[in-house]
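Line by line, the protein sequences are chains A and B.
So that you can map any letter, position 4 of the first sequence is 4 in the working numbering, and since no number is skipped, the others follow by simple counting.
So that you can map any letter, position 81 of the second sequence is 1081 in the working numbering, and since no number is skipped, the others follow by simple counting.
One structure is given here, and the rest of the page talks about it.
Number of protein chains: 2
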Amino acid sequence: MKKIEHIGIAVKDLDAGNALFEKLLGKKHYKTEEVASEKVITSFFKNGPNKIELLGATAPDSPIAKFLEKRGEGIHHIAFEVEDIEAEMERLREEGFRLLNEKPKKGADNKLVCFVHPKTAGGVLVELCQTIKSEA
Amino acid sequence: MKKIEHIGIAVKDLDAGNALFEKLLGKKHYKTEEVASEKVITSFFKNGPNKIELLGATAPDSPIAKFLEKRGEGIHHIAFEVEDIEAEMERLREEGFRLLNEKPKKGADNKLVCFVHPKTAGGVLVELCQTIKSEA
Chain A
1 MKKIEHIGIA VKDLDAGNAL FEKLLGKKHY KTEEVASEKV ITSFFKNGPN
51 KIELLGATAP DSPIAKFLEK RGEGIHHIAF EVEDIEAEME RLREEGFRLL
101 NEKPKKGADN KLVCFVHPKT AGGVLVELCQ TIKSEA
Chain B
1001 MKKIEHIGIA VKDLDAGNAL FEKLLGKKHY KTEEVASEKV ITSFFKNGPN
1051 KIELLGATAP DSPIAKFLEK RGEGIHHIAF EVEDIEAEME RLREEGFRLL
1101 NEKPKKGADN KLVCFVHPKT AGGVLVELCQ TIKSEA
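Okay, here's the thing in structure tokens:
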């Protein structure tokens, strides 16, 4: 795991979240991206080598809607950047972590991602992410 | 705000937390430090430019004991590294954020720190931290 790629923060309203985190971080968000398969809309802020990803729900059955209902607004997950997601998934499986997807899937921001079940990771929803390299 | 300095994660038992996060991160923690004034014991892992800080309670009235009771184990706060903590505190006050301490206080890992109330920061407990430079 090379670094914290981003921290995902669940917000009720993406525009209000953008306005608030612009004030907090002292800079504007630089992109918005919908991940239709996950029923989320995301907004990204750069913070040195790291990013903050705001997450809004696009449907009542979105995982973010469920999180907001249960926990309210706040930190949703930590994403670690990895070089080789399949190797890291295999390593974690062998260490006894439960993965939420069998194969890497396409996430926001041109990444292949895999989530680790928080019950096996100290109550933390952990995301692994690997940047998708464009083929030459 | 220069980067995510660390993510604080509340754990019930520091030894068990160390063992779990060693497996997750694929490396050993490099130090343990008690912050008596906060009634916490901390353990640090490096992760590229960032750190993971495990937080255990050292007394039943520790803020970490209260957090664990209410939320269970999991992410407790995000700490951002700042160059000038007093200037950043002043900027945030003017933007309407509520700070949990009036003046910077001494935290773990040779830092001056200040916390921002999660009610004013989208449900996120935000820590500002500035490295204490030793005087020449």
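Beta carbons are placed, not taken as given, at the ideal position from N, Cα and C, and that holds for glycine.
Does any CB atom of chain B fall closer than 7 Å to the CB of Asn18/A?
Here residue 18/A refers to the residue found at position 18 of the first sequence. Not closer than 7 Å to any Cβ of chain B, the Cβ of Asn18/A fails to qualify, so no.
Quick one: is Met89/A near chain B, going by C-beta distance under 7 Å?
Start at 1 with the first residue of the first sequence, and residue 89/A comes out as number 89. Chain B contact via Cβ: absent.
Extent of the continuous beta strand (DSSP E) to which Ala79/A belongs
Locating residue 79/A in the first sequence gives position 79, counting from the first residue. Counting along the chain, the beta strand (DSSP E) containing Ala79/A begins and ends at Gly74 to Glu81.
Taking only beta carbons into account, state which residues of the region 55–73 of chain A come closer than 9 Å to chain B, listed in chain order.
Arg71, Gly72 and Glu73
Residue interval of the beta strand (DSSP E) (run including Glu5/A):
Reading the first sequence from its first residue, position 5 is the one you call residue 5/A. That run of the beta strand (DSSP E) goes Lys3 to Ala10.
Can at least three beta-carbon pairs, one atom from the region 69–86 of chain A and one from the region 7–20 of chain A, be found at a separation below 8 Å?
yes
Here's the rule I'm using: 16 or more other beta-carbon atoms within 10 Å means buried, otherwise exposed. How should Ala19/A be labelled?
Here the question's residue 19/A lines up with position 19 in the first sequence. Exposed is the call here.
Backbone CA spacing between Thr1120/B and Gly1096/B [nearest angstrom]:
What you label residue 1120/B is simply residue 120 of the second sequence in a count that begins at 1. What you label residue 1096/B is simply residue 96 of the second sequence in a count that begins at 1. Spanning the two alpha carbons is a distance of roughly 8 Å.
Limits of the alpha helix (DSSP H) - the one that Asn1018/B falls within
As a position in the second sequence, residue 1018/B is number 18, starting the count at 1. Note, Asn1018/B: alpha helix (DSSP H), Leu1014 to Leu1025.
Could you give the DSSP three-state label for Ala1108/B: helix, strand or coil?
Here residue 1108/B corresponds to residue number 108 of the second sequence, with the count starting at 1. The answer is coil: DSSP assigns Ala1108/B none of H, G, I, E or B.
Are the C-beta of Pro104/A and some C-beta of chain B separated by less than 7 Å?
Residue numbering aside, residue 104/A sits at position 104 when the first sequence is read from its first letter. Taking Cβ atoms only, chain B never reaches closer than 7 Å to Pro104/A, which makes this a no.
Taking Cβ positions only, does Lys1124/B come closer than 7 Å to chain A?
By one-based count along the second sequence, residue 1124/B stands at place 124. It is worth fixing the name first, because residue 1124/B is Val in this sequence and not Lys. Yes, its Cβ sits closer than 7 Å to a Cβ of chain A.
Grouping DSSP H, G and I as helix and E and B as strand, with all else coil, what is Ser1134/B?
Residue 1134/B sits at position 134 when you count from the first residue of the second sequence. Of the three classes helix, strand and coil, the one that applies to Ser1134/B here is coil, per DSSP.
For the region 1114–1134 of chain B against the region 1087–1104 of chain B, do three or more pairs of beta-carbon atoms, one drawn from each stretch, fall closer than 8 Å, so that the two count as touching?
With three or more CB-CB distances shorter than 8 Å, the region 1114–1134 of chain B counts as touching the region 1087–1104 of chain B.
Cβ of Ile78/A less than 7 Å from any chain B Cβ?
Position 78 of the first sequence, counted from the first residue, corresponds to residue 78/A. True, the Cβ-Cβ gap to chain B drops below 7 Å.
Tell me whether the beta-carbon of Phe80/A lies closer than 7 Å to the beta-carbon of Phe45/A.
Position 80 of the first sequence, counted from the start, is the residue given in the question as residue 80/A. Position 45 of the first sequence, counted from the start, is the residue given in the question as residue 45/A. Contact: no.
Contacts of Glu95/A in chain B (Cβ-Cβ under 7 Å)
For this step, residue 95/A is matched to residue 95 along the first sequence. Under the 7 Å cutoff, chain B gives Lys1023.
With contact counted as at least three CB pairs below 8 Å, one residue from each stretch, are the region 49–64 of chain A and the region 1052–1060 of chain B in contact?
no
Output, in chain order, the set of chain A residues within a Cβ distance shorter than 9 Å of Asn1047/B.
Residue mapping note: residue 1047/B aligns to position 47 of the second sequence, counting from 1. Result: Met1, Lys2, Lys3, Ile4 and Phe80.
Distance between Ala59/A and Glu34/A (C-alpha atoms, nearest Å)
Locating residue 34/A in the first sequence gives position 34, counting from the first residue. Locating residue 59/A in the first sequence gives position 59, counting from the first residue. Each residue's Cα considered, the two are about 12 Å apart.
I want to verify the contact list: residues of chain A whose CB lies under 9 Å from the CB of Val1113/B, in sequence order.
For the purposes of this step, residue 1113/B is taken as the residue at position 113 of the second sequence. The premise fails here: Val1113/B is roughly 16 Å from chain A at the closest Cβ pair, so nothing lies under 9 Å.
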